[in-house]
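Chains as they are written, first to last, in this note's numbering: chain A, 10 to 204; chain B, 908 to 1281.
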């Protein structure tokens, strides 16, 4: 199996910078450009985090509305992407934690994960890989929300530890610890599966 | 571990739902246009609307997958998935494997997994009866050791019964090779082979009429009662709390459907909902699951009055592979659910989805009128 490392598309800082300034001044197309450049990636991130199409669309919509409203408070326009990501990841974390709490309280019928990793597998993925992705999804549903998010950002989104730390608002050591928590749980599952 | 995570992650699609992106663009546009004193974005909204049509979309590509990964052992499709291992059943069990094969293991049967690798599956039928429906032309060589007989699968569906008196092999589809101390024969579809153990006798291939396999008489179980439509009696046999207890223990989609029928018949909507939710969650590949998703929508909307959740369930059911007629009903009901719940934005999205998929649908004129209304 060939491992394909994910590369986060990096947009030129100057472009974000310029678009944010123009959008702040009421430019008709700059805000749309910001959505067009970041919206697809944010929607994909939300889908992976929330495992639910409609919730992912809701969160993407809400995040951009909030971002456009708060643009005047963004001190460094060149950091729009990281600022937006931070907003999205923190809101997703809040929603996942709330969902888990509801599930603990017995509201099982209110939400069904419909787009887990196995359902998001590419058509080229063989059945055994899909089965393993299903196991990953289940293992991640049992580790802490923070560990799950850190693992998804690290392996699916291709973020570095530094970027994960920045977006979760934690230290690098904490970000690394959270990723390792998920990895340990997965390692245990693989070990059990191979016995 | 890290490498394995990277390998698996490389198989997760990077495709973006472009229709979803468009829907969000339209929602942002509508939100911005909505009157709100503190929102200075009316002009930006016009810009968004203007450029939606330009379709300046980011295109992501699937990663290349040059090499075929190593084949792994088989897993049973359960939640959580379980490594396909030995089973000893008290009741009939369906085992759906991740390669698409299915084993129906009868009650009071012991099936031992001697080997389960990417190339070879070797099972030992110690006692009882099992139906094997093996996906043909797979990468694995399947063999069933039934004591004096060994069955080599050449692709397909067959039944093996082992008791203290005899071993029987009945082929329903495809071919199997039966090998014993004094026999080696290939059975075609419709043929059976019976090996008598007491008294000893020479086994012979039978005519193409398979011997019917009967189970030990045990009195009607809840399952048998439910299958013959006597849902009230099935509920009595299960006893108080029996549906929930049974649902927790079973891996069988069929059992869950029967239990859901019993719960619906008894009018316990919450119980039926929980069972249908379990089906949707644990058996996404079952051909009956889209209908279960649709029924969830009906229970949520019609019996429990949870309109938004009902609408979401109908939305999911429509995407899950319903027949075109039912999918049209599901999309219409999703639209109505959101509309009645006062969720205008979601109702609008649902209405657009309905018209996209069913432009000539029965409800299309009314949906269009609603969309065009001020």
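We put the CB at the ideal spot given by N, CA and C, even for glycine.
task = Please confirm if residue 934/B has its CB atom under 9 Å from at least one CB of chain A.
result = So, interface residue.
task = With DSSP collapsed to three states, give me the class of residue 1002/B.
result = In the structure shown, residue 1002/B adopts extended strand secondary structure according to DSSP, grouped into three states.
key: Residues that residue 165/A contacts on chain B, provided the C-beta gap is smaller than 7 Å   = 916, 919
query = How about residue 92/A: is its C-beta nearer than 9 Å to some C-beta of chain B?
reply = no
query = In chain A, which residues lie less than 7 Å from residue 912/B when you measure between Cβ atoms?
reply = 164, 192, 195
task = Report the three-state DSSP secondary structure of residue 1261/B (helix, strand or coil).
result = helix
task = May I ask you to list, following chain order, the residues of the region 60-77 of chain A that have a beta carbon less than 8 Å from some beta carbon of chain B?
result = 62, 63, 65, 66, 69, 70, 73, 74, 77
task = Give the straight-line distance between the Cα atoms of residue 1150/B and residue 1019/B, rounded to the nearest whole angstrom.
result = 29 Å
ask   = So, is residue 109/A buried or exposed, given that buried needs 16 or more other C-beta atoms within 10 angstroms?
value = By the 10 Å Cβ count, residue 109/A comes out exposed.
Within 7 Å of chain B by C-beta, residues of the region 144-156 of chain A in sequence order = 144, 145, 147
query = Near residue 1193/B, which residues of its chain fall below 6 Å by C-beta distance, leaving aside the five closest residues on each side in sequence?
reply = 1160
inquiry  = For residue 112/A, would you say it is in contact with chain B, using Cβ-to-Cβ distances shorter than 9 Å as the test?
reply    = Closer than 9 Å: no.
query = Can you list the alpha helix (DSSP H) stretches of 4 or more residues lying completely in the region 73-152 of chain A, in chain order?
reply = 89-113, 136-151
query = Does DSSP classify residue 1229/B as helix, strand or coil?
reply = In the displayed model, residue 1229/B falls within coil according to three-state DSSP, outside both helix and strand.
message = Given a cut-off of 9 Å on the beta-carbon distance, is the pair residue 872/B and residue 1253/B in contact?
response = The requested residue 872/B is not part of the displayed model; chain B covers only 908 to 1281.
query = Quick one: which chain A residues come within Cβ less than 8 Å of residue 1219/B?
reply = 63
query = Pick from 1212/B, 1258/B, 1200/B, 1255/B: whose alpha carbon is nearest that of residue 1233/B?
reply = Measuring C-alpha to C-alpha distances from residue 1233/B to each of 1212/B, 1258/B, 1200/B, 1255/B identifies 1200/B as the nearest.
Coil, strand or helix - residue 1071/B by DSSP = In this structure, residue 1071/B counts as coil in the three-state DSSP scheme.
ask   = Thinking C-alpha only, which one of 1202/B, 1173/B, 1172/B, 1175/B is nearest residue 1183/B?
value = 1202/B
inquiry  = The alpha helix (DSSP H) that contains residue 1093/B, what's its start and end?
reply    = Taken as a continuous stretch (DSSP letters only), residue 1093/B belongs to no alpha helix (DSSP H), being part of the beta strand (DSSP E) at 1090-1094.
key: Classification of residue 1179/B by the beta-carbon crowding that lies within 10 angstroms, buried from 16 upward   = buried
Length of the line joining the Cα atoms of residue 1168/B and residue 1218/B = Distance between the alpha carbons of residue 1168/B and residue 1218/B is about 22 Å.
message = Any beta carbon of chain B sitting closer than 9 Å to that of residue 28/A?
response = no
inquiry  = The alpha helix (DSSP H) that contains residue 1186/B, what's its start and end?
reply    = 1176-1189
inquiry  = Assuming residue 48/A is part of the alpha helix (DSSP H), what are its boundary residues?
reply    = 39-59
Counterpart residues of residue 873/B in DSSP-defined beta bridges = This structure cannot settle anything about residue 873/B, because the visible part of chain B is limited to 908 through 1281.
key: Secondary structure of residue 1098/B, DSSP reduced to three states   = Shown here, residue 1098/B sits in coil according to DSSP, grouped into three states, outside any helix or strand.
ask   = If you draw a straight line from the alpha carbon of residue 1187/B to that of residue 1195/B, how long is it in whole angstroms?
value = 9 Å
request  = Determine, using beta carbons only, whether residue 1086/B and residue 1056/B come nearer to each other than 9 Å.
outcome  = yes
request  = Establish whether the CB of residue 56/A and some CB of chain B are separated by less than 9 Å.
outcome  = yes
query = With DSSP run on the structure shown, which of helix, strand or coil describes residue 1192/B?
reply = coil
ask   = Would you call the CB atoms of residue 911/B and residue 1255/B closer than 9 Å?
value = no
ask   = What residue from 68/A, 40/A, 70/A, 88/A has the CA that sits closest to residue 26/A's CA?
value = 88/A
inquiry  = Any beta carbon of chain C sitting closer than 9 Å to that of residue 41/A?
reply    = Absent from the structure is chain C; the protein chains it does hold are A and B.
inquiry  = Does residue 1014/B come out as helix, strand or coil in the three-state DSSP assignment?
reply    = Residue state for residue 1014/B is assigned as coil, using DSSP reduced to three classes.
Bridge partner(s) assigned by DSSP for residue 1033/B = None; residue 1033/B has no bridge partner.
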